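Report on the following structure.
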Amino acid sequence: MIELKNINKNIIKNKQIERVLFENLNFSLSDATPSIAIMGRSGSGKTTLLNIIAGLDINYEGEYFFNHNLVYKTTDKMADLRLKNISIITQHYNLLDDRNVMENILLGFRKKSAQSKSQAMDYLKMVGLEGYAHKKIKHLSGGECQRVAIARAMAKAPTLLIADEPTGALDEETERIVLNIFQELKRKGTKIIIATHSKEVAKSCEQVVVIKDKRLKAVKL
Ligand SMILES: Nc1ncnc2c1ncn2[C@@H]1O[C@H](COP(=O)(O)OP(=O)(O)OP(=O)(O)O)[C@@H](O)[C@H]1O
Ligand SMILES: [Mg+2]
19 MIELKNINKN IIKNKQIERV LFENLNFSLS DATPSIAIMG RSGSGKTTLL
69 NIIAGLDINY EGEYFFNHNL VYKTTDKMAD LRLKNISIIT QHYNLLDDRN
119 VMENILLGFR KKSAQSKSQA MDYLKMVGLE GYAHKKIKHL SGGECQRVAI
169 ARAMAKAPTL LIADEPTGAL DEETERIVLN IFQELKRKGT KIIIATHSKE
219 VAKSCEQVVV IKDKRLKAVK L
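FYI, the numbering for the sequence shown is 19 to 239, going by our numbering.
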């Protein structure tokens, strides 16, 4: 499904290599694996790796295969891949602050239909935010924003969901609700890649890897 081969990534500052972040890193999410967790210390490169998979970062060496096809590293090709296949829940949620909750979720749908609004309402209910449709994002708490971002990602019904610490701002019970939603998405055929510090979240994935010494290593929890 997704394969990264021999990825080298440097952090450049003032045209100089400040740090080698990845060296010959390999990542593989097979067709048979519904979800994978990426762990590793803060600053180890989890978000950077997700950005590479999402096509948001193309400044690296190495090959990227999506559904067994080599992905060309141009912004246009990457944007197209993302539009067609991928939903992203970022660490900072990327919601439109001045719009309300419903408007943000509707942005997630690839094609809006007469049913989009009622579907969006269902997703809001699933993330425990019934009655929040008309609230402005700027008036929500961090955890509420996180759940709106999850509802928006669901609206797309993506082939691949990339989630960067999706439960970082949530209490245990809400974390469980979100993990249940992820299970539901997996049943519907969405593949999920999650960066997380939480063992509970990682345990909900079929495969767990950790970024260590500039590479990925498999771990058993
Ligand atoms: N655009 C950038 N310019 C300069 N340095 C960057 C940039 N993006 C990331 N870095 C650096 O790369 C390293 C990896 O960052 P990244 O955000 O991928 O870590 P992370 O594993 O997601 O950390 P956390 O667990 O804190 O979210 C960090 O040291 C960060 O400062
Ligand atoms: Mg991060």
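All C-beta atoms in this analysis are idealised placements derived from N, C-alpha and C, irrespective of residue type, glycine included.
Being a predicted model, the structure only gives us computed values, none of them experimental.
Between residue 109 and residue 182 a beta carbon distance of about 5 Å is seen, short of the 8 Å cut, so the two are scored as contacting. Only residues of its own chain outside the window of five on either side were considered, and among them 72 and 180 have a CB closer than 6 Å to the CB of residue 106, listed in chain order. The DSSP-derived three-state label of residue 141 is helix.
Residues of the same chain with a CB within less than 6 Å of the CB of residue 127, apart from the 5 flanking positions on each side, are 134 and 173 in chain order. Non-local C-beta neighbours of residue 187 in its own chain, meaning closer than 6 Å and more than five positions away in sequence, comprise 160, 161 and 164, ordered along the chain.
By the criterion of a C-beta distance shorter than 6 Å, residue 177 is surrounded in its chain by 103, once the five residues flanking it on both sides are discounted.
For residue 140, the closest of 123, 115, 153 and 156 by C-alpha to C-alpha distance is 123. A distance of 8 Å or more separates the beta carbons of residue 56 and residue 47.
Ranking 33, 223, 21 and 198 by CA distance to the CA of residue 239 puts 223 first. The stretch 193 to 205 makes no contact with the stretch 78 to 95; the number of CB pairs closer than 8 Å stays below 3.
If you measure from each CB to the nearest heavy atom of ligand 2, the residues under 7 Å come out as 64, 65, 109, 182, 183 and 213. For residue 211, the three-state secondary structure derived from DSSP is strand.
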